[in-house]
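Here full-length UniProt numbering is used: the first residue of the sequence shown is 1, the next is one more, and so on. C-beta: ideal position from N, C-alpha, C; glycine also. Source: prediction; values computed, not measured. Contents: one structure, followed by commentary.
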Amino acid sequence: MTDSLTILQPDDWHVHLRDSDMLAAVLPATAAHFGRAIIMPNLVPPVVTAAQARDYRGRIRAALPPDSAFTPLMTLYMSDDTAPEDVVAGHAEGTVAAVKLYPQHATTNSHFGISDIAKVYPVLARMEKAGVPLLVHGEVADPEVDIFDREAVFLERVFDPLVRRFPGLTVTLEHVTTQEGVDYVTGAREGVGATVTPHHLMFNRNAIFQGGIRPHYYCLPIAKREQHRQALRRAVTSGNPRFFLGTDTAPHPRRAKEAACGCAGLFVAPVALATYAQVFDEESALGHFEAFASLNGPRHYGLPANTRRIVLRRASRFVAEDLDVAGGDRVHVYRGGESVGWTVESVG
Ligand SMILES: NC(=O)N[C@@H](CC(=O)O)C(=O)O
Ligand SMILES: [Zn+2]
Ligand SMILES: [Zn+2]
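Structure (structure tokens):
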């Protein structure tokens with residue numbers, strides 16, 4: 001039995017850091033473990049121009065501990081008005097790592113998203129040429145479609161046509177949650193990959209309704225049936241290079257989740273690596289953990305892997321229930337109040 005695991009430092013390819021006091025409170029959990037992270041642009045208002053991404057990156061850097069080597073990789077929120085020149089110039093100067101596509105009304109702060117994908121085809125064509133990756137929240141927002149089917153329907157209606165129309169575009173299906181998504185990505189052309197969250201590997205949709213309504217298990221895409229969770233576990237532990245780490249850590253104040261209309265999103269950063277390691281351990285696949293956590297993502301994005309190393313140890317650690325935010329808000333930590341079986345021992 002392996003009690004200690006040394007791997008190249010992981011990156012987190014899907015993170016919500018928010019802004020202001022919340023940014024200051026949540027950033028240390030991500031920066032402590034990950035070398036780089038792709039920062040989601042769904043602030044209010046969203047990050048839509050390269051200039052805004054540069055400013056936001058400045059605020060993130062200013063909130064980092066002084067000795068931190070963490071690198072935020074910025075994204076733009078695709079809108080009907082996204083200017084291809086701004087995307088391409090922002091990418092060329094190293095400000096814009098990728099562009100994020102949210103279907104309108106699909107998730108938190110996505111009312112600014114795209115109503116008709118055909119409207120942004122010209123931008124996608126430029127991104128394909130310039131080598132700018134597209135990150136996709138893969139759910140249709142059509143209220144006629146059952147919430148548990150929204151990812152599968154998106155693949156058919158939007159994602160597959162897009163992947164075919166732009167054969168040279170690097171595309172990431174973010175936070176994949178279904179067997180259909182796993183199958184699609186597994187069989188897709190070169191350049192198509194997917195992030196998988198720790199929480200979708202851990203619970204199925206029953207958790208949301210266990211003895212009552214459980215807002216701290218509510219995120220989007222919503223957790224699916226057990227068969228889908230099992231498909232995700234097989235995908236990540238198989239060693240398939242198309243699947244890589246993206247936590248979708250998405251903090252909201254407790255008051256915004258424990259409400260009549262609660263926000264979607266889980267704050268998973270403090271337990272993300274421990275949780276992934278547990279999953280690989282349970283599936284007897286620790287040998288594939290480094291590829292998933294530290295190699296497949298950089299490869300997908302054409303970046304070098306990190307050179308520092310991280311040591312995880314099989315050791316029980318109690319997770320604090322809440323994170324305090326200046327101003328009085330508290331954020332519930334995923335698995336807070338429990339002990340987790342893996343601990344990050346060192347980074348360096
Ligand atoms: N995942 C979530 O449930 N919520 C995310 C948005 C997203 O990633 O879709 C958020 O910003 O809160
Ligand atoms: Zn999303
Ligand atoms: Zn997200």
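Its Cα nearest to that of Tyr218, the residue Cys261 stands out among Leu245, Cys261, Gly246, Val182. For Met74, the secondary structure class from DSSP, reduced to helix, strand or coil, is strand. For the pair of segments examined, the segment 204-217 was found not to touch the segment 158-173: the number of CB pairs separated by less than 8 Å stays below three.
For His199, the distance from the CB to the nearest heavy atom of ligand 2 is not below 6 Å. Following the DSSP letters along the chain, one finds Glu180 inside the alpha helix (DSSP H) bounded by residues 179-187. Here Leu64 has Leu27, Ala31, Phe70 as same chain residues with Cβ atoms under 8 Å from its own Cβ, once five neighbours each way along the sequence are excluded.
Under the DSSP assignment, Ser20 falls in the alpha helix (DSSP H) whose first and last residues are 20-31. Counting along the chain, no alpha helix (DSSP H) covers Val15; the unbroken beta strand (DSSP E) around it starts and ends at 12-15. When Cβ pairs closer than 8 Å are counted between the two stretches, the segment 41-53 is seen not to touch the segment 266-274, the count staying below three.
Around the C-beta of Glu290, 16 or more other C-beta atoms lie within 10 Å, and the residue is accordingly described as buried. Per DSSP, the continuous alpha helix (DSSP H) segment holding Gly58 begins and ends at 50-63. Under DSSP, Phe289 shares a beta bridge with no residue. In this structure, ligand 2 has a non-hydrogen atom nearer than 6 Å to the beta-carbon of His137.
At a threshold of 6 Å, Thr108 counts as near ligand 1, since its beta carbon sits closer than that to one of the ligand's heavy atoms. Here Ile147 is exposed: its Cβ has fewer than 16 other Cβ atoms, across all protein chains shown, within 10 Å.
When the Cα atoms are used, Phe292 and Gly348 turn out to be separated by approximately 19 Å. A residue is called buried when at least 16 other Cβ atoms come within 10 angstroms of its Cβ; Pro304 does not meet this threshold and is exposed.
For the set Ser115, Val99, Ala231, the Cα lying nearest the Cα of Glu283 is the one of Ala231.
Between Phe159 and Gly193, the beta carbon gap of about 13 Å keeps them out of contact (Cβ cut-off 8 Å).
Judged by beta-carbon spacing, His288 lies within the 7 Å limit of Thr237, meaning their Cβ atoms are closer than that value.
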